[in-house]
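Working notes, beginning with the structure itself.
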Amino acid sequence: MSRLVVVSNRVPLPDKHGNPPPGGLAVAVHAALRDQGGIWMGWSGRAVADTEDVRMTTREQGRIAYSLMDLTETDVEEYYNGFANRVLWPIFHGRVDLAEYARREMAGYFRVNRLFADQLVPMLRPDDTIWVHDYHLIPLAEELRQRGVRNRIGFFLHIPWPPADILFAMPVYEAVLSGLSAYDLVGFQTDYDMDNFIGCLRREGSGSPLGDGEVVAYGRQFRVGAFPIGMETEEFANLSRASVGKPGVRDLLRSLHGRRLIIGVDRLDYSKGIPNRIDAYERFLKRHPDFRGEVTFLQVTPKSRSDVPEYRAMQEAVAAQAGRVNGDNGAVDWTPIRYINQSLKRPVLAGLYRVAQVGFVTPLKDGMNLVAKEYVAAQDPADPGVLVLSRFAGAAREMVEALLINPYDIDATANALARALSMPLEERKERWSAMMDRLRAYDVHHWCRDYLGTLAKVERPSGPALPQAAPEAANPP
Ligand code: GDG
Numbered sequence: 001m002s003r004l005v006v007v008s009n010r011v012p013l014p015d016k017h018g019n020p021p022p023g024g025l026a027v028a029v030h031a032a033l034r035d036q037g038g039i040w041m042g043w044s045g046r047a048v049a050d051t052e053d054v055r056m057t058t059r060e061q062g063r064i065a066y067s068l069m070d071l072t073e074t075d076v077e078e079y080y081n082g083f084a085n086r087v088l089w090p091i092f093h094g095r096v097d098l099a100e101y102a103r104r105e106m107a108g109y110f111r112v113n114r115l116f117a118d119q120l121v122p123m124l125r126p127d128d129t130i131w132v133h134d135y136h137l138i139p140l141a142e143e144l145r146q147r148g149v150r151n152r153i154g155f156f157l158h159i160p161w162p163p164a165d166i167l168f169a170m171p172v173y174e175a176v177l178s179g180l181s182a183y184d185l186v187g188f189q190t191d192y193d194m195d196n197f198i199g200c201l202r203r204e205g206s207g208s209p210l211g212d213g214e215v216v217a218y219g220r221q222f223r224v225g226a227f228p229i230g231m232e233t234e235e236f237a238n239l240s241r242a243s244v245g246k247p248g249v250r251d252l253l254r255s256l257h258g259r260r261l262i263i264g265v266d267r268l269d270y271s272k273g274i275p276n277r278i279d280a281y282e283r284f285l286k287r288h289p290d291f292r293g294e295v296t297f298l299q300v301t302p303k304s305r306s307d308v309p310e311y312r313a314m315q316e317a318v319a320a321q322a323g324r325v326n327g328d329n330g331a332v333d334w335t336p337i338r339y340i341n342q343s344l345k346r347p348v349l350a351g352l353y354r355v356a357q358v359g360f361v362t363p364l365k366d367g368m369n370l371v372a373k374e375y376v377a378a379q380d381p382a383d384p385g386v387l388v389l390s391r392f393a394g395a396a397r398e399m400v401e402a403l404l405i406n407p408y409d410i411d412a413t414a415n416a417l418a419r420a421l422s423m424p425l426e427e428r429k430e431r432w433s434a435m436m437d438r439l440r441a442y443d444v445h446h447w448c449r450d451y452l453g454t455l456a457k458v459e460r461p462s463g464p465a466l467p468q469a470a471p472e473a474a475n476p477p
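Everything in the sequence shown is counted per full-length UniProt numbering, starting at 1 for the first residue and increasing by one.
The structure is reproduced here in structure tokens:
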């Protein structure tokens with residue numbers, strides 16, 4: 001079996017016993033790395049003042065080598081805070097209005113990808129399979145190919161792929177689009193994302209599908225596919241069961257005094273639709289006054305990307321909004337929203353999901369949204385809660401038994417909350433078990449095997465470039 005080389009912006013390092021940190025992706029990818037042996041490479045998280053201070057550190061544990069590269073402060077500012085999180089992230093989530101193009105930052109993004117390639121090449125063996133993750137590293141395969149790497153290289157995009165008109169708003173869209181043609185397999189979360197990608201190639205006249213997942217673009221033939229990421233379903237269900245009686249969760253239940261619980265859990269990010277959600281909750285309280293004083297909405301929102309101005313501004317706006325809703329609607333003995341701006345331990349989170357009657361997941365756009373899946377996996381089969389889910393989350397493609405809402409439609413979202421809280425047990429069980437069966441069958445280990453299995457079967461890895469005229473000729477009308 002060939003070694004697996006995983007490359008991602010950050011590397012989830014294991015503890016001293018070799019156990020990966022909690023969370024589906026880290027667990028599944030570690031399991032694959034343990035089976036095949038290999039390397040996980042990424043940024044160390046350290047930002048140093050000078051290029052001379054940049055260090056590459058490698059830590060070996062069993063059959064896995066973790067290889068971490070420092071970046072300079074300028075690199076981090078331009079590549080990570082800049083192009084990745086202020087251009088690619090908003091554009092890919094349909095927020096053209098928030099994208100900030102600066103040529104310097106775009107150049108920084110491509111430069112850091114070259115650095116990754118320079119560091120990776122000497123570590124590679126000819127039969128290694130390389131798996132690159134996410135929007136930070138789109139140009140990496142192109143850089144590796146230019147350095148003579150002919151290995152099988154796969155890419156998986158964790159976030160959505162936008163429609164052509166949105167992608168084309170980005171000045172360097174062509175370099176980003178063509179960069180993907182250097183991979184052997186490009187994986188998306190949903191068929192919608194994959195179709196958007198193919199739509200971009202078509203509109204540009206630079207590529208077209210050949211059928212059966214094969215695409216020809218920019219003179220190369222490669223595979224595309226939808227690989228919806230799953231979670232560690234069984235482990236999480238067990239964790240939630242075990243956590244209900246534990247401190248954190250017990251304390252919350254006691255403090256609710258029998259009130260029912262609606263839960264939202266998101267990194268603080270404008271893509272997650274938190275302000276819309278708070279508006280919908282307030283509308284729900286106004287339109288369904290019987291629930292006033294009877295429900296609590298717990299919103300758990302760890303801070304993220306606080307170095308990016310849009311995120312700092314949002315931090316203040318959401319805190320102010322939650323405060324205003326509480327001020328306008330609360331009573332001396334009832335706080336409608338409990339807003340926590342910190343990260344909770346995973347077992348506590350699992351227990352909180354389980355005791356909540358409603359999982360409230362309303363992103364404006366989301367690649368998948370694992371919170372939706374975790375909420376369902378954490379439920380008590382005898383008395384499951386109801387998932388209210390945005391149709392714009394990738395998860396909505398699979399979780400059709402949730403109450404699917406349009407997060408821009410505040411009235412309909414408010415009504416969905418009332419419906420969820422009034423749903424009879426039989427209907428709740430039916431909806432839950434259909435979703436849970438699917439979560440069990442398509443867990444994160446299935447996702448990992450499916451992706452790597454497809455990559456292993458790709459023919460012509462690193463095959464010779466096709467003549468540039470191929471796209472049109474390959475797919476005659
Ligand atoms: C990207 C894509 C895609 C959240 N708060 C706490 C906490 N979390 C955990 C959740 C969940 C994870 O963070 C968030 O995952 P999501 O999938 O919801 O969202 P992103 O972070 O935006 O992830 C997304 C994903 O990649 C995977 O491909 O689904 O679309 O945007 O696991 O539980 N965990 C703990 N405390 C918290 O307070 N312990």
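C-beta atoms are modelled at their ideal positions from N, C-alpha and C, and glycine is treated no differently.
Quick caveat, the model's predicted, so the values are computed rather than measured.
Its chain contains V6, C448 as the residues whose beta carbon lies nearer than 7 Å to that of V29, once the 5 sequence neighbours on both sides are disregarded; these appear in chain order. In this structure, F92 keeps its C-beta atom at 8 Å or more from the C-beta atom of P139. If you look at D411, you'll find it in the alpha helix (DSSP H) that goes 410-422.
Put simply, of Y66, A418, D409 the residue whose alpha carbon is nearest the alpha carbon of G359 is A418. CA-to-CA, the gap between G219 and I262 works out to about 51 Å. For Y281, same chain residues with a beta-carbon under 6 Å away, outside a window of 5 residues either side, are F297 in chain order. For the set V87, L370, R46, E52, the Cα lying nearest the Cα of M69 is the one of R46. Distances from the CB of R346 to the heavy atoms of the ligand GDG include at least one below 7 Å. Taking 8 Å as the upper bound for CB-CB distance, E374 and R438 are not in contact here, some 14 Å apart.
Sequence-distant Cβ neighbours of E401 in its own chain, meaning closer than 7 Å and more than five residues away, are R431, A434, M435. Residue E77 holds the alpha-carbon nearest to the alpha-carbon of P309 among P21, T57, E77. Counting the other CB atoms within 10 Å of its CB gives A117 a total of 16 or more, which places it among the buried residues. Around the CB of D251, fewer than 16 other CB atoms lie within 10 Å, so the residue is classed as exposed. In this chain, F116 is not harboured by any beta strand (DSSP E); it is covered by the alpha helix (DSSP H) spanning 103-120. As a beta-bridge residue in DSSP terms, S390 pairs with I405.
Collapsing the DSSP output to three states places Y135 in a helix. In the DSSP secondary-structure assignment, G207 is bridged to A217. For V300, DSSP records a beta bridge to V265, I340. In this structure, G38 lies away from L13, with their beta-carbon atoms at least 8 Å apart.
By the Cβ-count criterion, I340 is exposed, with fewer than 16 other Cβ atoms from all chains shown falling within 10 Å of its own Cβ. Judged by DSSP in its simplified three-state form, W43 adopts strand.
Put simply, the stretch 47-56 does not touch the stretch 374-387. Fewer than three CB pairs are less than 8 Å apart. The ligand GDG never approaches E174 closely enough for any of its heavy atoms to be under 7 Å from the residue's Cβ.
For the set R86, E294, P20, the Cα lying nearest the Cα of W334 is the one of E294. No Cβ-Cβ contact shorter than 8 Å links N276 with Y173.
Scanning its chain for C-beta atoms nearer than 7 Å, with the 5 sequence neighbours on each side dropped, one finds around G42 the residues V7, S8, N9, R10, V11, L68, in chain order. Excluding residues up to 5 positions away in sequence, L98, A99 lie with their Cβ nearer than 6 Å to the Cβ of P90 in the same chain. When the alpha-carbon of D450 is set against those of G230, R241, D269, the nearest one is in G230.
For the ligand GDG, no non-hydrogen atom lies closer than 7 Å to the CB of G359. For the 8 Å CB-CB criterion, A182 and H136 do not form a contact. When the five nearest sequence neighbours on each side are left out, the beta carbons in the same chain lying within less than 7 Å of the beta carbon of N81 are those of D307, V308, in order along the chain. Exposed is the label assigned to A242, since fewer than 16 other Cβ atoms lie within 10 Å of its Cβ. Just so you know, the alpha carbons of P22 and V265 end up roughly 16 Å apart.
Distance check between S343 and each of L452, S2, L185, P302 places P302 closest, using alpha-carbon atoms only.
Within 10 angstroms of the beta-carbon of L120 lie 16 or more other beta-carbons, which makes it buried. Rounded to whole angstroms, the separation of the alpha carbons of G205 and A141 is 22 Å.
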